[in-house]
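Below: the structure, in structure tokens.
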Amino acid sequence: MSNIASYYGIYPRTLQRHYKKQISGFDSWNQKPHCEDYLIYPKNIGEYLSLDEVSLSKGELYTYLTNKNARSKQGTLVACVKGIKSDDIITAIERIPLEQRKQVKEVTLDMANNMNLTAKICFPNAKIVTDRFHVVKLVTEALQHVRVQHRWKAIEDENKAIEAAKKARKKHKPIVLSNGDTKKQLLARSRYILAKKTNDWTPNQKQRAELLCNLYPNIQQAYKHTLEFRSIYQEKCKVKAKQREE
């Protein structure tokens, strides 16, 4: 906008004001009275929808209902509602005719209860699918929780060793592993290693991972289960995916 204003030799604010008042049609927009609370575009609804919360400017949360078949192009947005309260979301979405909402076959959403309730009420014939991203994130967080527990234990042990050395008037020398890490450092630096697949590790990361697994077998076990779980989503055949799950 500033470049266009500069090209024509006018103030940017003047051009912005002219666009808003004269060109954009904002004043005559049929959704203007409620645009700060919700927007709905019934014509964009499809058989496969996605319902998710999005953090926009200043950390404000909005709930977005989108058409997955539009693939983020024109016609993707079905509804946008300010906030994440299920009552507000349901009230806005129910402004879309029921006959259109009954045609929805599937709604993908996160693991929040308010989203699940909204989908069940607004789309009575739709199958509810939990978004892969949120499920994998939960599993990954559980893996990192195991690592963090060991790290706090390592910090506690080191503090005790330092205190004992002070009482004995000796200099504390932490145990250094073959890669130059202490146990505390090993656990801290392994965070990103556990988020990767084994074939994506660098030589240094592989060495650190081997030390980690040897010292903490339950981290190795948790990492193995995480990879097995993620591999389920790589299967294109539902039958094979179900077999992996079992």
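If you're matching positions, the sequence shown starts at 51 in this note's numbering and goes up one per residue. Glycine included, every Cβ here is placed at the ideal spot set by N, Cα and C.
- Out of D231, F279, T252, the CA that lies nearest to the CA of L262 is found in D231.
- Per the DSSP secondary-structure output, V179 pairs in a beta bridge with T158.
- With contacts defined as CB atoms closer than 9 Å, Y114 and S100 qualify as a contacting pair.
- The three-state secondary structure of I146, taken from DSSP, is coil.
- Counting the other Cβ atoms within 10 Å of the Cβ of Y88 gives 16 or more, which makes it buried.
- A direct Cα-to-Cα measurement between K82 and L236 gives close to 56 Å.
- Put simply, the stretch 241-248 touches the stretch 186-196. At least three CB pairs are less than 8 Å apart.
- L99 sits in a strand when the DSSP states are folded into three classes.
- When the beta-carbon positions are compared, E97 and K155 come within less than 9 Å of each other.
- Taking the C-beta atoms as reference points, N264 is found no nearer than 9 Å to V196.
- If you draw a straight line from the Cα of S107 to the Cα of G133, it comes to about 13 Å.
- One thing to note: D138 has its Cβ within 9 Å of the Cβ of V131.
- Contact annotation: M165 and E103 have beta-carbon atoms nearer than 9 Å.
- Here S105 is bridged, per DSSP, to L111.
- Counting other Cβ atoms within 10 Å of its Cβ, T252 stays below 16 and is therefore classed as exposed.
- Between the C-alpha atoms of N254 and N229 there is a straight-line separation of about 8 Å.
- If the five residues before and after T276 are omitted, its C-beta is found closer than 6 Å to the C-beta atoms of V189, L193, all from its own chain and listed in chain order.
- Within the same chain, V154, K155, E156, V157, A169 come within 7 Å of A176 by CB-CB distance, once the 5 residues on both sides are set aside.
- As DSSP reads the structure, T116 sits in a beta bridge with S100, L127.
- For Y266, same chain residues with a beta-carbon under 6 Å away, outside a window of 5 residues either side, are H200 in chain order.
- S240 counts as buried, since at least 16 other C-beta atoms from the protein chains shown sit within 10 angstroms of its C-beta.
- Residues of the same chain with a CB within less than 7 Å of the CB of Y273, apart from the 5 flanking positions on each side, are L193, L244 in chain order.
- Under the three-state reduction of DSSP, L227 is assigned to coil, being neither helix nor strand.
- Non-local C-beta neighbours of P224 in its own chain, meaning closer than 7 Å and more than five positions away in sequence, comprise E208, T232, ordered along the chain.
- Sequence-distant partners of S105 (beyond 5 residues in either direction) whose C-beta falls short of 7 Å from its own C-beta, in its chain, are L111.
- In the DSSP annotation of this structure, the continuous segment of the beta strand (DSSP E) that includes Y88 starts and ends at 88-90.
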